[in-house]
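Line by line, the protein sequences give chains R and D.
For what it's worth, our numbering labels the leading residue of the first sequence as 147, then goes sequentially.
For what it's worth, our numbering labels the leading residue of the second sequence as 147, then goes sequentially.
Structure first, commentary second.
Number of protein chains: 2
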Amino acid sequence: MTSILMIDDDVALTQLVEEYLQLDGYQFTAVHQGPEGLELAKSNAFQLVLLDIMLPGMDGLTLLKQLRQHSYCPVLMLTARGDEIDRVVGLELGADDYLAKPFSPRELVARIKAILRRVELIQQQQQPQLSSLQINSLRLDSAKRQIYVQDNPLVLTATEYQILELLMRHAGDVVSKEDLSQLALGKRLQLYDRSLDMHISNIRKKIAQYDEAEKIQTLRGLGYLLLQGEH
Amino acid sequence: MTSILMIDDDVALTQLVEEYLQLDGYQFTAVHQGPEGLELAKSNAFQLVLLDIMLPGMDGLTLLKQLRQHSYCPVLMLTARGDEIDRVVGLELGADDYLAKPFSPRELVARIKAILRRVELIQQQQQPQLSSLQINSLRLDSAKRQIYVQDNPLVLTATEYQILELLMRHAGDVVSKEDLSQLALGKRLQLYDRSLDMHISNIRKKIAQYDEAEKIQTLRGLGYLLLQGEH
DNA sequence: GCAGTCCTTTACACAACCTTTACGTTGGCT
DNA sequence: AGCCAACGTAAAGGTTGTGTAAAGGACTGC
Chain R
147 MTSILMIDDD
157 VALTQLVEEY
167 LQLDGYQFTA
177 VHQGPEGLEL
187 AKSNAFQLVL
197 LDIMLPGMDG
207 LTLLKQLRQH
217 SYCPVLMLTA
227 RGDEIDRVVG
237 LELGADDYLA
247 KPFSPRELVA
257 RIKAILRRVE
267 LIQQQQQPQL
277 SSLQINSLRL
287 DSAKRQIYVQ
297 DNPLVLTATE
307 YQILELLMRH
317 AGDVVSKEDL
327 SQLALGKRLQ
337 LYDRSLDMHI
347 SNIRKKIAQY
357 DEAEKIQTLR
367 GLGYLLLQGE
377 H
Chain D
147 MTSILMIDDD
157 VALTQLVEEY
167 LQLDGYQFTA
177 VHQGPEGLEL
187 AKSNAFQLVL
197 LDIMLPGMDG
207 LTLLKQLRQH
217 SYCPVLMLTA
227 RGDEIDRVVG
237 LELGADDYLA
247 KPFSPRELVA
257 RIKAILRRVE
267 LIQQQQQPQL
277 SSLQINSLRL
287 DSAKRQIYVQ
297 DNPLVLTATE
307 YQILELLMRH
317 AGDVVSKEDL
327 SQLALGKRLQ
337 LYDRSLDMHI
347 SNIRKKIAQY
357 DEAEKIQTLR
367 GLGYLLLQGE
377 H
């Protein structure tokens, strides 16, 4: 059961959110005071915290800062103002995403799911994994931190290796650019940020040296995909 | 029981509407002051709000804006003028539909039903869904975001996938063009807007590559339909 | 300092995609 | 039958996301 904690002084809003999230099968708890919320969040009993920036008693950003001393529980920030500064500060303090009020329940649910999916991806990464993996003509040797194309070792930079390993470990599934950026580059994907595209381009070039057929597929608007099996 | 709130200072009109809506089995409440209406609407006790643009005490658009900070309760705007500007502003603020006064009670009821039906569709969308689904020779794998025709994977664009998934999840039911447009294209269907028709046409072509018999049926004036079972 | 390596940004080209236009067809209606 | 609105779809148009070369920074080791 996925439990979500909402810290917001707007009681009507928390009730609305509660209805929607329970429809989606989430366990929901709301508190309306900053200090109380901090205590609950620190308990690590929740998989996700929805945090209002404007709180009576304790500012949301302060709360987030204190929470981060104890817990890496994912946090989705909410704010009444479309305030860019809060946004930047919040993301720097370790918020996982940001949503401006007013928001639609649908949008909220979508953001929540995106965060939870990414957390799951990260946890998968951390679990003991196959140290060796063969995808078509690509072979991953994670002990040696080396990837081969038809037994030719690829000369990859650290970032390129991470991206390609991610794609290989999820071969057959689409991996979104947002996920790749957060997991391999360690930053959120910004509008007009092309650096991930460049890494993909470079990886493709290096693979093509040895195997013209082995391709990273592009799924426009969705992400990248390494096809499993025959093509 | 479906409850409808009407915010309009024209008492004669609210009484007229009350008669018609009660005939149709709706619970009806009318208030004639903006602030009072806002409070009631924020309570989320109503499934739909009929909102006059011209209000004493508080402008309808202002009211809508404030309501949207707390609630995504569907709103049908009413206005005395055939004012396009109000219309655009209102829809941007998140009104669900717009009706120019004077209107016929029949038209009003039709609009109300359309909104409620769509809200229900959206709520269905939000509920946990089967990740896999077979409709005749079509198979949906929503985890992989892929649809197969007789085990051949379809190459669909994001929009085409959304449309076909919607049709598959409501196989056996007619899905209106208005609903498809709002849910898959994210915009209201405009007069002479043929883009949805084009998407349907393209989807049909792609399905026909693999199965000539599998057809999306057209129900003239109603929408599209994917037939369940044998045809 | 300088060279080397790597990541990111910039800039432009291109391809994929969505929408509009235009014209043909269909089906319900009187 | 004849009309008209709704629909089918090819082709053109416009928009957006992606591919990639080249330049710009940041960092490291010498």
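Even glycine gets a Cβ: it sits at the ideal position worked out from N, Cα and C.
Everything numeric in this text was worked out from a predicted model, so none of it was measured.
Secondary structure of R/T305 (DSSP, three-state): helix.
By the neighbour-count definition (other C-beta atoms within 10 Å, threshold 16), R/L162 is a buried residue. The Cβ neighbour count for D/H345, taken over all protein chains shown within 10 Å, is at least 16; the residue is labelled buried.
Rounded to the nearest whole angstrom, the C-alpha separation of D/L201 and D/R214 is 18 Å. Here R/N190 is exposed. Its C-beta has fewer than 16 other C-beta atoms within 10 Å. The three-state reading of DSSP puts D/I199 in coil, since its state is none of H, G, I, E or B. The three-state reading of DSSP puts R/T208 in helix, counting H, G and I together. The beta carbon of D/Q374 sits closer than 7 Å to the beta carbons of I281, A317 and G318 from its chain, once the five residues preceding and following it are set aside; these are given in chain order.
For R/L326, no CB of chain D lies under 8 Å from its own CB, so it is not counted at the interface with that chain.
Within chain R, the residues whose beta carbon sits less than 9 Å from that of D/N190 are A158, Q161, L162 and E165, listed in sequence order.
The C-beta of D/E165 has fewer than 16 other C-beta atoms within 10 Å across all chains shown, which makes the residue exposed.
In the three-state reduction of the DSSP assignment, R/L167 falls in the helix class. Excluding its 5 nearest sequence neighbours in each direction, D/P220 has C-beta neighbours in its own chain below 6 Å: L194, D242, I261 and V265, listed in chain order. If you keep only unbroken alpha helix (DSSP H) runs of at least 4 residues inside the segment 286–353 of chain D, you get 304–315 and 323–326. R/T148 carries a coil assignment under DSSP once its states are collapsed to helix, strand and coil. Annotation for R/V177: L151, M152, I153, G183 and L186 place their beta carbon closer than 8 Å to its own, counting only its chain and skipping 5 residues before and after. Against chain D, the beta carbon of R/V320 has neighbours under 7 Å at R291, listed in chain order. Per DSSP, reduced to three states, the secondary structure at D/Q280 is strand. Following the DSSP letters along the chain, one finds R/A187 in no beta strand (DSSP E) but inside the alpha helix (DSSP H) bounded by residues G180 to K188. In this structure, the alpha-carbon of R/I268 lies about 53 Å from that of D/Q179. Shortest Cα-Cα distance from D/S283 to any of D/D198, D/L300 and D/K290 involves D/L300. Chain R has a Cβ within less than 8 Å of the Cβ of D/I268.
If the five residues before and after R/L276 are omitted, its C-beta is found closer than 6 Å to no C-beta atom of its own chain. For R/D343 and R/S149, the gap between their C-alpha atoms comes out near 36 Å. In terms of Cα proximity to R/R366, the closest of D/L209, D/N348 and D/Y307 is D/Y307. Residue state for R/A256 is assigned as helix, using DSSP reduced to three classes.
DSSP places D/L373 outside both helix and strand once states are collapsed to three, so it counts as coil. Just so you know, the alpha carbons of D/R334 and D/D325 end up roughly 8 Å apart. By the 16-neighbour rule on beta-carbons within 10 angstroms, R/T225 is buried. Of all residues in the segment 193–221 of chain D, only R214, Q215, H216, S217 and Y218 come within less than 7 Å of chain R when Cβ atoms are compared, listed by chain position. The beta carbon of D/A187 sits no closer than 8 Å to any beta carbon of chain R.
D/Q355 carries a coil assignment under DSSP once its states are collapsed to helix, strand and coil. Using a Cβ-Cβ cut-off of 7 Å, D/A241 is close to nothing in chain R; its nearest Cβ partner there is about 13 Å away.
Taking 8 Å as the cut-off, the beta carbon of R/S322 is found no closer than this to the beta carbon of R/L286.
Shown here, R/Q273 sits in coil according to DSSP, grouped into three states, outside any helix or strand. According to the DSSP assignment, R/Y172 belongs to no beta strand (DSSP E), since it is labelled neither H nor E.
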